[in-house]
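Structure record follows, encoded as structure tokens.
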Amino acid sequence: DAGVIQSPRHEVTEMGQEVTLRCKPISGHDYLFWYRQTMMRGLELLIYFNNNVPIDDSGMPEDRFSAKMPNASFSTLKIQPSEPRDSAVYFCASSLATGDYYEQYFGPGTRLTVT
Amino acid sequence: AQSVTQLDSHVSVSEGTPVLLRCNYSSSYSPSLFWYVQHPNKGLQLLLKYTSAATLVKGINGFEAEFKKSETSFHLTKPSAHMSDAAEYFCVVNTDKLIFGTGTRLQVFP
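What follows is the structure, encoded as structure tokens:
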């Protein structure tokens, strides 16, 4: 199994631009999570899906952030417009409902820099 | 509200010596607790988990943790550190979602 796949691995963009981060969960997993990691705030859960349906988006910072999961094998996290304070590492993770929900498998992350 | 506190932001040990990474939790009921490890430029990996079974939990790579309710602690230990153990370690408590501690960076010197 290839594990959780995220793209791009690095993204550098200018303030005001739209940014789209992509995630492919492990095949067969039915939970998908988006996290953000910064030095100041540590690791924060942004949103999670179960069977492609958003369950809890209370961690999404503001309306500039949106996430979709159009099918079981793909999710996007979009920031529009981006701001320098959005600079962080964004992780996607997936898990299996019939297994251990808390054994989340993390992707390698996307390092976003907004200048 | 549930939370975890990792008492050390950095820990340095020599290879072959014991490792102790400290974590205290706050919970109004018996929590589920986890340790995750993050190697440089990698995602997080589950190291071990406590879910109200045995209080001494064994994980991967020789790590173990002991749940002590009287001390509200869940410290991570390893008898002998390897160079490959150098990483960031996160103590995590479960509510309806995972709440991560601020992390402890472990350095291992030869």
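As you go down the protein sequences, you meet chains A and B in turn. This note's numbering puts the first residue of the first sequence at 1, with every later residue one more than the last. This note's numbering puts the first residue of the second sequence at 116, with every later residue one more than the last. We treat Cβ as the ideally placed atom computed from N, Cα and C, and that holds for glycine.
- Contact between residue 37 (chain A) and residue 23 (chain A) does not hold, since the beta-carbon distance rounds to 15 Å and is not under 8 Å.
- Contact annotation: the region 187 to 201 of chain B touches the region 131 to 139 of chain B, with at least three C-beta pairs closer than 8 Å.
- Not a single C-beta of chain B is nearer than 8 Å to the C-beta of residue 61 (chain A).
- Taking a 10 Å sphere around the C-beta of residue 25 (chain A), we find 16 or more other C-beta atoms and assign the residue as buried.
- Contact of residue 112 (chain A) with chain B by beta-carbon distance below 7 Å is absent, the smallest such distance being about 14 Å.
- The beta carbons of residue 147 (chain B) and residue 209 (chain B) sit closer together than 8 Å.
- Contact annotation, residue 43 (chain A) with residue 182 (chain B): C-beta distance approximately 22 Å; criterion of less than 8 Å not satisfied.
- With fewer than 16 other beta carbons inside 10 angstroms of its own, residue 17 (chain A) counts as exposed.
- Between residue 117 (chain B) and residue 218 (chain B), the C-beta gap is not smaller than 8 Å, which leaves the two residues out of contact.
- About 6 Å separates the CB atoms of residue 4 (chain A) and residue 92 (chain A); that is less than 8 Å, so the two are in contact.
- Within chain A, 42 have C-beta atoms less than 7 Å from the C-beta of residue 217 (chain B), given in sequence order.
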